[in-house]
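**Q** I'd like to ask some things about the structure below.
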Amino acid sequence: MRYVKPDSFENAAQLLFDSTGITRILAGGTDVLVQMKAEMVEPDLLIDLKHLSGMREITHENGGFRIGAAVSGAELGEHAGVNALWPGVVEGMELIGSTQVQGRATMVGNLCNGSPAADSVPAMVTAGAIARIHGPDGARDIPVYEVPTGPGKTSLARGEFITSIYLPARPENASDAYLRFIPRTEMDIAVSSAAVSLELDSKGICTEAKVAIGAVAPTVRLVDDASAALIGTSLDDDAITKLVAAVEAACSPIDDKRGTIAFRTKTAGVLAKRAAKIAYARAGGTS
Amino acid sequence: MALDTPKRDFKIVGTRVPRPDGIDKVTGKAAYGADITATGMLHGRILRSPHAHARIISIDTSAAEAAEGVKAIVTSADFATPDDAGIRDIRDNCLALDKVLYDGHAIAAVAATSKSAAKAAIRLIRVEYEILPHVTDVDAAMKPDAPIVQSGRAFESVPAGMSQNVHSHVEFGHGDLDAGFANADKIIERTFKTAATHQGYIEPQACMANLGADGRGELWCCTQGQYMVRENCAAILGIEASQLRVTSSEIGGGFGGKTTTFIEPVALALSRKSGKPVKIVMTREEVFRATGPTVSTSMDVKIGMKNDGRITAARAELRYQGGAFPNHTVEFGAQAAFAAYDLAAVQTLGWGVMTNRPKEVAYRAPGAPTAIYAVESVVDELCQQLNLDPLDVRLLNAARKGTLSAYGPTFNEIGLVATLEAAKNHPHYTAPLGENQGRGLSCGFWFNFGGNTCVSLNLNSDGTVGVVEGNPDIGGSRASISMMAAEELGIPYDKVRTVIADTTSLGFNDVTDGSRVTFAVGLATIEAARAAKNEMCARVAKLWGIDTDAVQWEDGSVKPAGPNAGEHAPMSIADIAAIADETGGPIAGHHEVNADGAGVSFGVHLVDTEVDPETGATTVLRYTVFQDAGKAVHPDYVEGQMQGGAVQGIGWALNEEYIYGDDGLLQNASLLDYRVPVASDLPNIETVILEIPNPGHPYGVRGVGETPIVPPLAAISNAVSRAAGIRLTELPMSPPRILHAITQRRDG
Ligand SMILES: Cc1cc2nc3c(=O)[nH]c(=O)nc-3n(C[C@H](O)[C@H](O)[C@H](O)COP(=O)(O)OP(=O)(O)OC[C@H]3O[C@@H](n4cnc5c(N)ncnc54)[C@H](O)[C@@H]3O)c2cc1C
């Protein structure tokens, strides 16, 4: 195995492009190093990008925040601005692992590891987060939603990597929330999860809604029918019933040691309902 | 040995002195199994079966032998044939003979100059298998046409015509069952299932072996019993016990799981073949796949009760699978099942069954938690249906002094009634409960053990004392042993240092198991101290020129026994030690015993849970443990045992399980998917220690280490069943299982 710390994005892209074997990028290493130790993967090339410019910074940009790809969960969690703007994104990231893991783990690592159960991803998706990708042809921006393509797979092309995540600005009376189900209280993998982001008008009527579910399909899923169930309502019982039905209909989970199809489907609906109520209260709605 | 006196004021026993191993452990200085290295040491690695059940047709090691850095490869052909059938099973579990019997069963091992060379060589070993049908479920394994794990292993007690996987049958009880059930106002009969759980010790097995061509060996390993390791390894390697010195390392948890050998004979064989020291450290995955979990079970319990709560008859039938080899765990379960009750008619039947799973190893009170889970669940359901207070019903039927126990003996002084009364009087029992919350309780029981024990107590020339004992300290025993020595000698605790000897330094000691060490080693320590005191009295009498009867021991000094003995200033231990060379040489006391009188132990657990009706998730809100400790030598450690047992029981009840796929392979061989509780899953576990002195120990000590894991399964199941409004009969009560039960209840 070769371990390299390239001195520029360009060199990093070149190294990645030229490598013929198994490559991994070292962010926090809380997936990569664990997988190497468990002998699940033995990379030929391990590239460390943490030291490159902007990788560890959070910057204010057009009312939103640009978050470097190597910013840890702990750093994100302590950032007052991001907390105020996108509390659901922060709570998704902060659910990952333990205090020790938080000191290393990154959102981008979580996203690119490609787990359908990745905890930071659903709320990034409902936030409309944009990933900035660097590659042999320079930089491009794509929605985070388009990054994962299946378990362990991303849409990144050969030689490409992510340099930052952009969380956009948003209006007043808006907020988000993320919830997951695990059999324990921490140190576990989501059996199902849901993120909800809402915008309200001055009367508490929902004008915009996004609902994403995790661990119930090969990738995170945005549920348009669930958004439609909420828009134009103040999250009355009828709207919630429709939301739950839409979420359950959008689930296509697997049966495995972590949960049955029926259980994952049922809990995804419950979590979406509860996350919607939290987001609604955070956005200033009273029902 | 009898209790000295029912009431006694202790000076040191009962206090909370600092633990002697604490600083080493928190600074990382403590040397565990993997911490020892030797010059020229090789790294061992084990090839394991990828199949649940297969015949080994051939093993080709030629490519691996030729690989760089490889110094030795061993298979079962490198082992001898022990006389003892139990040790032959251990041997065949260490390296498979002609069949692999479970996923993860060891087949061959490599010693190489680096870990990576050993790993690479393992991949070069070619094994040709004939895959055989497998069975991992206990009920399926008992069916007459089930795949046969091992044939010809059944004991005579097993009736003809059963599957050959059924290897043992036991029966206990007394009284007229039919009459008892006929006399009942209400009878409940239920079937229960429990999953296999792992001891979950944090330190994987590790050892370093050095066995020369002359047959003389040294072994350093993490174990609950260095003498057991010596006996097993000597028999498996075909060498004499005297030629193998085994030293136990500091131990990162055992809970019964380190009362056998897995890697030590393999490391010794590799060392003998290569002529070099060989170290083997198991990975967590290997620990899960190939070291002992506990049994999984299927059980029927039937109990009849009068409307006032009197039990009229009770019957249990237990089916335990303990992996691919015979084991006796079901016998303990069958004996323990109804131990808490004074019954006129009771019967327990037990069946021991083999399956294609790893060989079962003891886990705290082996066999008891599951049997008592089934019994206490049915008792709770009867209380619910007859609208009776569950503590009152236990008190009404409680075993006490003079009760003919369900497993035969008549009980002496036991603490069950006092423990139940303590629970009844505790504020926890009457605290209000909210919506979706339920309270459960259960009694628990364990036999406790004494066993073979040797202690030497050496007086140092400065008046301090060294105690040498032969039992690895897995629960704080070094502190308790030092405390008992200090108490007996009348010197401060910090003047005593207790060490754990290697196998050449003392006679045979039984394994650290059966909650025996504080009881048995404590007893031997007190006797050794008394022997040293007698010697000190004799020395002083000689010095003063008077009879030994004319001196007496008081407050850590030898004094004249009365005015007739003459005027002599008392001599302290330090005074006596300083001039020992003038009075006859070094002073020591020792004691060797096969201790009995351990005294059975009872506990009661009380727990409140809340169940989320939409997700099936359980929160443990409040937990209180009541247990009779006889005499709590070091209360912190006693509380630690009580809390630890409760926590392991919470894991067992709610989430821990061995999950096998249809392919017979273990699906969750990691701490991610084998879910032990994490700190945030737990409330503070409150403890109430009762002290009903054990008549069989000079200070009244009873073992406390195992009983605490017995009640949690039923206590939590009873609490969850009450919270969820539906009786649960299968462990673990994972959220999907609870949600499924709630959904079924709602759908009628
Ligand atoms: C004890 C423990 C608990 C955990 N708990 C959780 C949990 O609760 N929820 C959860 O979702 N996860 C959990 N995880 C998994 C892991 O911590 C997270 O997925 C984490 O966010 C990964 O981030 P990282 O920076 O450590 O990634 P790394 O391990 O450094 O990398 C992960 C993957 O991302 C790729 N990658 C990294 N950076 C880039 C980049 N800039 N561009 C493209 N690809 C990149 C790597 O090649 C690799 O494939 C846990 C892990 C551990 C060890």
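So the sequences go chain by chain: W and U.
In the working numbering, each number is its position in the first sequence, counted from 1, plus 674.
In the working numbering, each number is its position in the second sequence, counted from 1, plus 35.
Even for Gly, the Cβ is constructed at its ideal location relative to N, Cα and C.
Please read these numbers as outputs of a predicted model, since none were measured by experiment.
(1) Determine the DSSP secondary structure at residue 799/W, reduced to helix, strand or coil.
(2) Tell me the residue span of the beta strand (DSSP E) that contains residue 50/U.
(3) Using CA coordinates, which residue listed in 38/U, 135/U, 117/U and 463/U is at the minimum distance from residue 85/U?
(4) State the Cα-Cα distance for the pair residue 785/W and residue 825/W, rounded to the nearest angstrom.
(5) Report the rounded CA-to-CA distance for residue 693/W versus residue 719/W, giving the unit in angstroms.
(6) Is the CB-CB distance between residue 645/U and residue 228/U below 8 Å?
(7) Per DSSP, which residues does residue 137/U bridge with? Please list them.
(8) Using 8 Å as the threshold, is the C-beta distance between residue 500/U and residue 526/U below it?
(9) Within the continuous beta strand (DSSP E) that includes residue 356/U, where are the two ends?
(10) Closer than 7 Å: is that where the CB of residue 706/W sits relative to any heavy atom of ligand 1?
(11) For the beta strand (DSSP E) holding residue 83/U, just list the boundary residues, first then last.
(12) Using a cut-off of 9 Å between C-beta atoms, extract the partners of residue 362/U located in chain W.
(13) Per DSSP, what kind of secondary structure is residue 87/U in: helix, strand or coil?
(14) Roughly how many angstroms lie between the CA atoms of residue 703/W and residue 131/U, to the nearest whole one?
(15) Mind listing, in chain order, the continuous beta strand (DSSP E) runs of no fewer than 3 residues lying wholly within the segment 98-154 of chain U?
(16) Residues of the segment 782-807 of chain W with a CB closer than 8 Å to any CB of chain U: list them in chain order, please.
(17) Under 8 Å between the Cβ atoms of residue 855/W and residue 865/W?
(18) Residue 875/W: beta carbon under 7 Å from a heavy atom of ligand 1?
(19) Between 741/W, 833/W, 728/W and 802/W, which lies nearest to residue 811/W when the distance is taken from Cα to Cα?
(20) Less than 7 Å between the CB of residue 861/W and some heavy atom of ligand 1, yes or no?
(21) Considering only their Cβ atoms, is the gap separating residue 331/U from residue 173/U smaller than 8 Å?
(22) I'd like the list of long-range same chain contacts for residue 567/U, defined as Cβ closer than 7 Å, with 5 residues on each side in sequence excluded.
(23) From 776/U, 727/U, 122/U and 510/U, pick the residue whose C-alpha is nearest to that of residue 634/U; which is it?
(24) Taking the C-alpha atoms as reference points, what is the distance between residue 420/U and residue 743/U?
(25) List the endpoints of the continuous beta strand (DSSP E) containing residue 256/U.
(26) Figure out for me which residue from 760/W, 949/W, 796/W and 927/W has the closest Cα to the Cα of residue 844/W.
(27) Check whether the Cβ of residue 774/U lies closer than 8 Å to any Cβ atom in chain W.
(28) For residue 710/U, return the contacting residues in chain W, with the cut-off set at a CB-CB distance below 8 Å.
(29) Give me the residue from 677/U, 380/U, 759/U and 576/U with the minimum Cα distance to residue 214/U.
(30) Residues of chain U with CB under 8 Å from residue 937/W, in chain order?
(31) Taking only beta carbons into account, state which residues of the segment 660-691 of chain U come closer than 9 Å to chain W, listed in chain order.
(32) Taking the C-alpha atoms as reference points, what is the distance between residue 552/U and residue 261/U?
(33) Which same chain residues end up closer than 8 Å to residue 66/U when comparing Cβ atoms and leaving out the 5 residues on each side of it in sequence?
(34) Taking DSSP as the reference, what is the three-state secondary structure of residue 486/U?
(35) Under a Cβ-count criterion, where at least 16 other Cβ atoms within 10 Å of its own Cβ denotes burial, should residue 449/U be classed as buried or exposed?
(36) Does the separation of the CB atoms of residue 738/U and residue 627/U fall below 8 Å?
**A** Taking the geometry as given:
(1) Here residue 799/W sits in helix by DSSP.
(2) Where residue 50/U is concerned, there is no enclosing beta strand (DSSP E), given that its DSSP letter is neither H nor E.
(3) 135/U is the residue among 38/U, 135/U, 117/U and 463/U whose C-alpha sits nearest the C-alpha of residue 85/U.
(4) Roughly 11 Å separates the two Cα atoms.
(5) Between the alpha carbons of residue 693/W and residue 719/W lies a gap of roughly 7 Å.
(6) In this structure, residue 645/U lies away from residue 228/U, with their beta-carbon atoms at least 8 Å apart.
(7) In the DSSP output, where bridge partners are listed per residue, residue 137/U has none listed.
(8) A contact, by the Cβ cut-off of 8 Å.
(9) DSSP places residue 356/U inside the beta strand (DSSP E), whose first and last residues are 346-356.
(10) Proximity of the beta carbon of residue 706/W to ligand 1 is indicated: a heavy atom of the ligand is located closer than 7 Å.
(11) First-last of the beta strand (DSSP E) with residue 83/U: 77-83.
(12) Residues of chain W passing the Cβ test: none, with the nearest at roughly 26 Å.
(13) Note: residue 87/U maps to coil in three-state DSSP.
(14) Between residue 703/W and residue 131/U, the alpha-carbon positions lie close to 38 Å from each other.
(15) Counting only runs that start and end inside the segment 98-154 of chain U, the beta strand (DSSP E) elements of at least 3 residues fall at 105-109 and 141-147.
(16) Result list empty, no residue passes.
(17) Taking 8 Å as the cut-off, the Cβ atoms of residue 855/W and residue 865/W count as close.
(18) Relative to ligand 1, the beta carbon of residue 875/W is positioned no closer than 7 Å to any heavy atom.
(19) For the residues 741/W, 833/W, 728/W and 802/W, the minimum Cα distance to residue 811/W belongs to 833/W.
(20) Yes, ligand 1 has a heavy atom inside 7 Å of this Cβ.
(21) Cβ distance < 8 Å, so residue 173/U and residue 331/U count as in contact.
(22) So the list reads 492, 494, 622, 623 and 624, once near-sequence residues are dropped.
(23) Selected option, being the one with the closest Cα: 727/U.
(24) The alpha-carbon of residue 420/U is positioned some 28 Å away from that of residue 743/U.
(25) Segment 252-256, the beta strand (DSSP E) holding residue 256/U.
(26) For the residues 760/W, 949/W, 796/W and 927/W, the minimum Cα distance to residue 844/W belongs to 760/W.
(27) Closer than 8 Å to some Cβ of chain W, the Cβ of residue 774/U qualifies, so yes.
(28) Residues of chain W passing the Cβ test: 857, 858 and 862.
(29) Answer by Cα proximity: 380/U.
(30) Contact of residue 937/W with chain U by beta-carbon distance below 8 Å involves 651, 770, 771, 774 and 775.
(31) Listed in sequence order: 689 and 690.
(32) Annotation: residue 552/U to residue 261/U spans about 14 Å, alpha carbon to alpha carbon.
(33) Cβ neighbours of residue 66/U beyond the five flanking positions: 284 and 285.
(34) Note: residue 486/U maps to strand in three-state DSSP.
(35) Buried: at least 16 other Cβ atoms inside 10 Å.
(36) For residue 738/U and residue 627/U, no; Cβs fall outside 8 Å.
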